[in-house]
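J.: One structure is given below, represented as structure tokens, and several questions about it will come after.
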Amino acid sequence: SSFYEITPREDFNAPRMLARLSANENPYGPSPAVVEAIKEAVVTGNRYAHRDASDLIEMIAKKEGVSPKHIMLGPGSSDLLEKMAFVSFPSGGNIVSADPAYMSIISTARALGASWKPVKLKSDYSHDLMAMKSAIDNDTKLVYVCNPNNPTGSITASDKLRTFCSDVSTKVPVFVDEAYLEFLDDSQSHSMVDLVTKGDDVIVARTFSKIHGMAGLRIGYIVAQPERISAITDKVRSTMGLCSTSLKGAIASMSDAQFTAECKKLNTECRNYVVDKITSLGYDVIPSSTSFVLFPIAMDGMDFMKAMNESGVSIRVFSIDEKPYCRVSMGTMEEMEYFVETFEKVTA
Ligand code: PLP
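So for the sequence shown, full-length UniProt numbering puts the first residue at 40; every next one is plus one.
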């Protein structure tokens, strides 16, 4: 592949920072309604969460226009990415994805003995769908598409992606990771969930970690054909990993559209601010549809990261085509002002 992460693993639980801009967390969440719901839910914590899980599944099914059988919950979408890898790669094979991509499912697939067939993003940072289709061979067990993509923040046009998924899924299941979907305008129109409704072998992943501001509370879900879900749940009980406080929190958050709309608005304001500032400093910022921004930097990646960390700003650094890139998550406006100030100082 053409990219790898420079940030060392141990830096993920970096010391407390003044501005924590390394993990695409929502700086505003969870909503006050979620906090209240969780407080109330604590007292029934002696019970397993199966009832709460089916309540949330029902809510999600209604929202997505599918049956509850099409939904599986997990403690974060990470868990579902892993479980999907477990059932897809029992005996090797390969996974086709973009390069760069979000590596979770690819890393798990490789740990299970599968190989990765990376397909470079196009020059506009959208998926090269034709090249991905050509990369599929008889050993391909899964195609992974992250849209909008991480770490680039870029988007692939939904009409083109829909045609690709519909076509490819007749041969190989397609996993579409929509963790950042809700940061788009008219977000549901960009989703591939309608293909699941249509009966296509497409698995769509969503999370409460981003727009809902619940990353530490761990709730995510997939929308997929019931057979795909039972392939997982026949082997592992699907709701045993879930926590009733977080489930009740997610239920409350789904009813708080005002909160998520406000998060989206503030995220866009911060992103516009950062893009303007960094562009005016002479950098080519990749157009972002997400809660983070990626751009190439003009100094050694590790030196850059250390200098930013020393000023209390955590970011992530990637190497793409042997050039260092900074990925910065959107915090509050105050944090982004501090990021820009620190960036100017560090790169001066
Ligand atoms: N998918 C993408 C594209 C992500 O960026 C992330 C987290 O950053 C995840 C999935 C996993 O998120 P979670 O396990 O919190 O749902």
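Think of the CB as a built atom: it goes at the ideal place given N, C-alpha and C, for glycine as much as any other residue.
Just mark S278 as buried or exposed, buried being the case when its beta carbon has 16 or more other beta carbons within 10 Å.
T.: Within the sequence shown, residue 278 is the residue found at index 239, counting from 1. For clarity, residue 278 is Thr in the given sequence; the question names Ser instead. So T278 counts as buried.
J.: Consult DSSP for K362 and reduce its assignment to one of helix, strand or coil.
T.: Here residue 362 corresponds to residue number 323 of the sequence shown, with the count starting at 1. If DSSP states are grouped into helix, strand and coil, K362 belongs with the strands.
J.: Given that a residue counts as buried once 16 or more other Cβ atoms are within 10 Å of its Cβ, and exposed if not, what is F264?
T.: For this step, residue 264 is matched to residue 225 along the sequence shown. The displayed chain sequence assigns Gln, not Phe, to residue 264. That one is buried.
J.: Determine the direct distance from the alpha carbon of A387 to that of Q227, and round the result to whole angstroms.
T.: Residue numbering aside, residue 227 sits at position 188 when the sequence shown is read from its first letter. Residue numbering aside, residue 387 sits at position 348 when the sequence shown is read from its first letter. Those two C-alpha atoms are separated by around 42 Å.
J.: Relative to the C-alpha of residue 16, which candidate in S106, V207, V243, P66 has its C-alpha closest?
T.: What the structure shows of the chain is the stretch from 40 to 387, and residue 16 is not part of that stretch, so it cannot be assessed.
J.: Output the boundary residues of the beta strand (DSSP E) element that contains T246.
T.: Taking the first residue of the sequence shown as 1, we reach residue 246 at position 207. That run of the beta strand (DSSP E) goes 241-246.
J.: Classify Y43 as helix, strand or coil using the three-state DSSP reduction.
T.: In the sequence shown, residue 43 corresponds to position 4, counting from 1. Strand.
J.: Rounding to the nearest angstrom, what Cα-Cα distance links F298 and S70 in this structure?
T.: Here residue 298 refers to the residue found at position 259 when the sequence shown is read from its first residue. Here residue 70 refers to the residue found at position 31 when the sequence shown is read from its first residue. Answer to the nearest angstrom: the Cα atoms are 6 Å apart.
J.: Return yes when at least one heavy atom of ligand 1 lies under 7 Å from the C-beta of G115, else no.
T.: Taking the first residue of the sequence shown as position 1, residue 115 is located at position 76. Yes, since a heavy atom of ligand 1 falls inside the 7 Å radius drawn around the Cβ of G115.
J.: Looking at the structure shown, is P157 part of a helix, part of a strand, or coil, going by DSSP?
T.: The sequence position of residue 157 within the sequence shown is 118, counting from 1. DSSP places P157 in strand when its eight states are reduced to three.
J.: Give the straight-line distance between the Cα atoms of A140 and S106, rounded to the nearest whole angstrom.
T.: Position 101 of the sequence shown holds residue 140. Position 67 of the sequence shown holds residue 106. So the two alpha carbons sit approximately 30 Å from each other.
J.: Can you give the Cα-Cα distance for P335 and T147, rounded to whole angstroms?
T.: Within the sequence shown, numbered from 1, the residue matching residue 335 stands at position 296. Within the sequence shown, numbered from 1, the residue matching residue 147 stands at position 108. Their Cα atoms are separated by approximately 28 Å.
J.: If contact is defined by three or more beta carbon pairs under 8 Å, each pair taking one atom from either stretch, is the segment 365-384 in contact with the segment 312-326?
T.: The segment 312-326 is in contact with the segment 365-384.
J.: Checking the sheet assignment: what are the DSSP bridge partners for R355?
T.: To locate residue 355, count along the sequence shown from 1; it is residue 316. DSSP output for R355 lists R366 as bridge partner(s).
J.: Looking at C-alpha atoms only, which residue of S193, G131, N189 is the closest neighbour of I325?
T.: As a first step, residue 325 must be located in the sequence shown, where it is residue number 286. The shortest Cα separation from I325 among S193, G131, N189 belongs to S193.
J.: Does any heavy atom of ligand 1 sit closer than 7 Å to the C-beta of A92?
T.: Within the sequence shown, the letter at position 53 stands for residue 92. It does not: the Cβ of A92 is nowhere closer than 7 Å to a heavy atom of ligand 1.
J.: Quick one: does the C-beta of C302 sit closer than 7 Å to a heavy atom of ligand 1?
T.: Counting from one through the sequence shown, the residue named residue 302 turns up at place 263. It does not: the Cβ of C302 is nowhere closer than 7 Å to a heavy atom of ligand 1.
J.: Going straight from the alpha carbon of N348 to that of N189, what length do you get?
T.: Stepping through the sequence shown from its first residue, residue 348 is reached at position 309. Stepping through the sequence shown from its first residue, residue 189 is reached at position 150. Between N348 and N189, the C-alpha separation is close to 22 Å.
J.: Is it buried or exposed, M338, if we count other Cβ atoms within 10 angstroms and call 16 or more buried?
T.: Reading the sequence shown from its first residue, position 299 is the one you call residue 338. Exposed, because fewer than 16 other Cβ atoms sit within 10 Å of the Cβ of M338.
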